[in-house]
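In the UniProt record's numbering, the protein residues as written are 1 to 310. Here's the structure we're looking at; comments come further down.
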């Protein structure tokens, strides 16, 4: 477990970053940055401050880090701007240039983790294809964030450059589907089932290799220890591959309701599935400890207040 370190987390309001920051704040000095915009930005920042996280409001694309110290032990760069193609230039400025400027500012850190994602991979027609770190990248498409593949390719390239240019150990995890909270993708399936709702899905089957927040927190130290000045790239996924169809089936069993998945033709270049090969991650972190289905049922308990269909 990481302890007595000074840690910077970008995108601290995000679904992955926020619980990670809270976990680390128990034994470390944690700084969190985000834009803190929107109607709930001030309230979110207040809550994080109350939880022992020192917050700063900034836009990474501006490159002004005058309010941030430069003596962090670790940098966890989890910030990400999702945008449509009409905002491609803004996306590159924030996601790519911003990452490089941040790593330049924090170049004396012991290690930096720069989060990437499965959106970097060029789509494969086989939904069960388990993407490996050496698979083709840069020609994919993601319906939920059209600028993501280009930005992911850019941020990985910048992070690799910074590792060499600043002699800064870097690890670049390609995050698979995050789960373990009501707002995670599996959790959204449960909420949809409870409302007898419908979610779009690109293929049937639609496999994922999800990783639980608890496993991410547990594996973080090993990830940072693996960082190198030649930038280590690894999938950050779980050890179980499951499908969105299985999630909805189980959710309906738990809720006694009738959630549905509706097939929507994927955009050209989109992956048919997001299964990931876990071999490299296993060599770094060892096996995951959280069972997907046990955690799925626990999310249902949290969302439903403990009510399960008879």
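Ideal Cβ placement from N, Cα and C applies to all residues, glycine included.
Tell whether a beta-carbon distance below 9 Å holds between residue i and residue j.
i: residue 162; j: residue 107; result: yes
i: residue 254; j: residue 198; result: no
i: residue 251; j: residue 300; result: yes
i: residue 173; j: residue 263; result: no
i: residue 214; j: residue 266; result: no
i: residue 383; j: residue 111; result: Absent from the structure is residue 383, since the part of the chain shown begins at 1 and ends at 310.
i: residue 239; j: residue 209; result: yes
i: residue 83; j: residue 145; result: yes
i: residue 75; j: residue 56; result: no
i: residue 233; j: residue 156; result: yes
i: residue 235; j: residue 164; result: no
i: residue 69; j: residue 6; result: yes
i: residue 103; j: residue 168; result: yes
i: residue 77; j: residue 10; result: yes
i: residue 182; j: residue 44; result: no
i: residue 101; j: residue 154; result: no
i: residue 296; j: residue 190; result: yes
Could you tell me which residues DSSP pairs with residue i in its beta bridges?
i: residue 54; result: 31
i: residue 199; result: 261
i: residue 208; result: 242 and 274
i: residue 228; result: 170
i: residue 75; result: 8 and 112
i: residue 190; result: Partner(s): none; residue 190 has no beta bridge.
i: residue 236; result: 175
From residue i to residue j, what distance separates their C-alpha atoms?
i: residue 80; j: residue 304; result: 30 Å
i: residue 13; j: residue 134; result: 31 Å
i: residue 207; j: residue 67; result: 43 Å
i: residue 71; j: residue 29; result: 12 Å
i: residue 290; j: residue 180; result: 10 Å
i: residue 271; j: residue 247; result: 19 Å
i: residue 54; j: residue 40; result: 18 Å
i: residue 150; j: residue 309; result: 44 Å
i: residue 120; j: residue 85; result: 16 Å
i: residue 201; j: residue 177; result: 14 Å
i: residue 185; j: residue 277; result: 20 Å
i: residue 136; j: residue 46; result: 43 Å
i: residue 97; j: residue 61; result: 6 Å
i: residue 256; j: residue 237; result: 30 Å
i: residue 259; j: residue 298; result: 18 Å
i: residue 268; j: residue 139; result: 10 Å
i: residue 26; j: residue 17; result: 15 Å
i: residue 128; j: residue 170; result: 30 Å
i: residue 36; j: residue 49; result: 12 Å
i: residue 188; j: residue 216; result: 20 Å
i: residue 23; j: residue 88; result: 34 Å
i: residue 58; j: residue 287; result: 37 Å
i: residue 8; j: residue 116; result: 17 Å
i: residue 249; j: residue 243; result: 10 Å
i: residue 148; j: residue 175; result: 13 Å
i: residue 130; j: residue 124; result: 9 Å
i: residue 65; j: residue 282; result: 36 Å
i: residue 218; j: residue 15; result: 17 Å
i: residue 245; j: residue 3; result: 40 Å
i: residue 241; j: residue 109; result: 35 Å
i: residue 51; j: residue 1; result: 19 Å
i: residue 90; j: residue 292; result: 37 Å
i: residue 126; j: residue 166; result: 40 Å
Are the region 185–194 and the region 211–230 touching, with three or more C-beta to C-beta distances below 8 Å?
-> Contact fails between the region 185–194 and the region 211–230, because fewer than three Cβ pairs, one in each stretch, are under 8 Å apart.
Beta strand (DSSP E) runs contained entirely in the region 110–143, provided each spans 3 or more residues | Those beta strand (DSSP E) runs which fall completely within the region 110–143 and span 3+ residues are 111–114.
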